[in-house]
Amino acid sequence: MSVGFSEKNIFKYYAKDRSWSFDADIVAHEKDVFINVGGRPFATLRASEGDMKELAVGHIFSCGLIARYGDVASMDVYGNAVNVILKAAPGPDTLKASYMAPSWKTSADTIFEGVKHLQEAFLYRKTGAFHAGLLLRRDGLKYFLVEDIGRHNVVEKVIGRALMQDVDMGECMLLISGRLMCELVSKVTLAGIPILGSVSATTCEAAALAEGCGMTLIGFIREGRMNVYTHPARIAEFDETRINNN
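For the sequence shown, this note's numbering begins at 1 and goes up steadily by one.
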C-alpha cells in the first residue's frame with residue numbers, strides 16, 4: 001500500500017549562482033476513488049489514499065443523500081472503491097442548510113493555536129502538495145486532523161469522520177490550509193459548523209455565501225493576525241463599539 005508519496009530524482013536549478021543539482025524530492029500520489037451507493041456508481045473523486053470511508057460519508061452527506069451517519073446501513077472498501085448501502089432511498093430534500101445564529105464565542109488565541117496544529121499534518125509538511133483540515137471544539141479541544149491532495153476532499157473527510165464519531169459540529173470550528181471557496185462554505189454550512197478558517201484567502205462569493213448563512217469566515221490566519229470577513233461576534237475579543245470609535 002502506498003504511503004501517499006514517493007521519492008523521485010529531479011533536477012533543481014538555483015538562480016542565485018546559475019547552478020544545477022540532481023537530487024531526490026518527495027512527490028505526492030493521487031488516484032481515483034470510486035463511491036458506489038446501493039450497488040451503483042455514484043461519484044469518482046480524485047483523492048489521496050486513506051480515510052476512504054470518511055471521504056465517502058462526507059461526500060454523500062454533502063450531496064444530500066444522508067442527514068446522519070445512522071442513515072448508512074453498511075459500508076465496505078474494495079481497493080479504490082467504497083460501496084455504501086443506505087437504510088432507505090434518499091429523498092429529494094434529505095438535508096437542507098439552516099441559518100447559523102451566533103450562540104457561543106471562542107477566543108482569537110484558540111484559533112491561532114489551532115492553525116499551528118495544521119503543521120502537524122505529516123504529508124502536508126512533507127510534500128507541499130497536500131491540504132490539511134483540523135476540527136477543533138470551541139474551547140480548543142482538538143478532535144482530529146486529516147489530509148488529502150484536494151481541499152474539497154479534506155472538508156468532506158472531516159465532515160465524514162465527525163458524523164461517524166457523532167461529534168457535535170455545531171460546537172466546532174474547521175481550520176484548513178486551502179483557499180476558501182463557495183463550494184467549501186456550502187459543505188461546511190450543511191454540516192452546521194459555524195466557523196470556517198484558513199491560512200489562505202477567500203473569494204467575494206464565498207464571503208457573501210458565509211454572510212447569508214450566518215457563518216464566521218476567517219482568512220489569512222497567520223503570525224498573530226487574521227482577516228474576519230463575516231460575523232466576527234463569535235470571536236470574544238471583537239468589540240464593535242471600539243471599532244466604530246476608531
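Each residue gets a CB set at the ideal place from its N, CA and C atoms; glycine is no exception.
Excluding five sequence positions before and after L184, the CB atoms of its chain that fall closer than 8 Å to its own CB belong to R151, H152, V155, I176, G178, L196 and A206, given in chain order. Under the 10 Å beta carbon count, I243 is surrounded by fewer than 16 other beta carbons and is classified as exposed. Counting the other Cβ atoms within 10 Å of the Cβ of G58 gives 16 or more, which makes it buried.
A residue is called buried once 16 or more other Cβ atoms fall within 10 Å of its Cβ, and C204, having fewer, is exposed. Inter-residue distance for D25 and H231 is about 42 Å (C-alpha atoms, whole angstroms).
Between the segment 165-172 and the segment 111-127 there are fewer than three inter-stretch CB-CB distances shorter than 8 Å, so the stretches are not counted as touching. Per the C-alpha coordinates, the member of A28, D23, S19 and K96 positioned closest to S6 is A28.
The closest CA to that of E30, considering only A73, D239 and L45, is found on L45. Under the DSSP definition of a beta bridge, V37 partners with R40 and V84. Contact check for K142 against L134 passes: the beta carbons are separated by less than 8 Å. Counting the other CB atoms within 10 Å of its CB gives I85 a total below 16, which places it among the exposed residues. Relative to the Cα of A43, the nearest Cα in the group V158, N9, I60 and A15 belongs to I60.
Between the alpha carbons of C182 and A56 lies a distance of about 21 Å.
Relative to the Cα of A88, the nearest Cα in the group S19, Y69, K12 and K105 belongs to Y69.
The closest CA to that of F112, considering only G38, F220, F130 and K16, is found on F220. With a 10 Å radius around the Cβ and a threshold of 16 neighbouring Cβ atoms, G4 comes out buried.
G212 is not a Cβ neighbour of A101, given a cutoff of 8 Å. In the assembly as shown, V188 is a buried residue. Its beta-carbon has 16 or more other beta-carbons within 10 Å. Secondary structure at D76: strand, using DSSP grouped into helix, strand and coil. CA-CA distance, N9 to K16, rounds to 22 Å. Judged by DSSP in its simplified three-state form, S186 adopts helix. Remark: C-beta atoms of D148 and A47 approach each other more closely than 8 Å. The Cβ atoms of L180 and L145 do not sit closer than 8 Å to each other. Here Y14 is exposed: its Cβ has fewer than 16 other Cβ atoms, across all protein chains shown, within 10 Å.
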